[in-house]
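Working notes, beginning with the structure itself.
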Amino acid sequence: AQTVTQSQPEMSVQEAETVTLSCTYDTSESNYYLFWYKQPPSRQMILVIRQEAYKQQNATENRFSVNFQKAAKSFSLKISDSQLGDTAMYFCAFITPGKLIFGQGTTLQVKP
Amino acid sequence: GAVVSQHPSWVICKSGTSVKIECRSLDFQATTMFWYRQFPKQSLMLMATSNEGSKATYEQGVEKDKFLINHASLTLSTLTVTSAHPEDSSFYICSVKTSGEETQYFGPGTRLLVL
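If you're matching them up, the sequences are chains A and B in order.
Throughout, the numbering used here is defined as the position within the first sequence, counted from one, plus 105.
Throughout, the numbering used here is defined as the position within the second sequence, counted from one, plus 658.
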């Protein structure tokens, strides 16, 4: 079965500091996509970053970057210079033909 | 990314009535639309996948006669909760993708409360 696991239900970080959210997945596919979505209190799902498995280079979007370890099936998200607006639930997701598989989510609280 | 709207944003209805939720892709040809359900502080649960002009494919355990999905055009899909009951109260979210693209873009969600 294809699964996504986020082992940190809740995390907190001080404003301006760096935090890393963990994600592992399990699949027998060789080519796939991985995503991080954030869901702030408004509950709107927002795409943060995506990674194509065939690309070795880690994706980066401004303050957000990933550490993609294909052999270990690990896909962590690093948020640099955390801002209050980063407070949200973060979901790691894996695309399998036809549908997204989501992890359980990590609630991140950025403290002033 | 795509801009996706949902209407209504929230709805309260009496038990036994039917409720229709619209999902619109405003600037994007949505060849595939997805409907999810989310309970508080939990992950998204996929209910069904619909391709434009085709019947929806429902996930195991989702009653297709209770959750009617129509995807008549590249910009509109509807989810109708028939004979709603309090246990159907939840947050319903749609997402869209286009052919050849794997990224899904999400609507803002609809809060349904059945009394």
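We put the beta carbon where it would ideally sit given N, CA and C, even for glycine.
Bear in mind that the values here come from a model prediction, so they are computed numbers and not experimental data.
Find the residues of chain B that neighbour F207(A), judging by a C-beta separation of less than 8 Å, and give them in chain order.
S701, L702
Is the stretch 732-739 of chain B touching the stretch 190-204 of chain A, taking contact as three or more C-beta pairs under 8 Å?
no
Would you kindly report the start and end of the unbroken beta strand (DSSP E) that includes M150(A)?
Under the DSSP assignment, M150(A) falls outside any beta strand (DSSP E); it carries neither an H nor an E label.
Pairing CB atoms from the stretch 665-677 of chain B with CB atoms from the stretch 739-756 of chain B, are three or more of them under 8 Å?
yes
Ordered list of beta strand (DSSP E) runs contained in the stretch 721-746 of chain B, each at least 3 residues:
725-731, 734-739
What would DSSP say about L702(B), mapped onto helix, strand or coil?
strand
Suppose you measure from the CA of M705(B) to the CA of Y138(A); what does that come to, to the nearest Å?
21 Å
Taking just the CA atoms, how far does P202(A) sit from Q107(A)?
11 Å
CB contact check: G758(B) to chain A, cutoff 8 Å
no
Which residue wins for smallest C-alpha separation from Q209(A), given the options V171(A), T129(A), S135(A)?
When only C-alpha atoms are compared, the closest one is T129(A).
When the Cα atoms are used, what is the spatial distance from Q161(A) to W141(A)?
A direct Cα-Cα distance of roughly 17 Å separates Q161(A) from W141(A).
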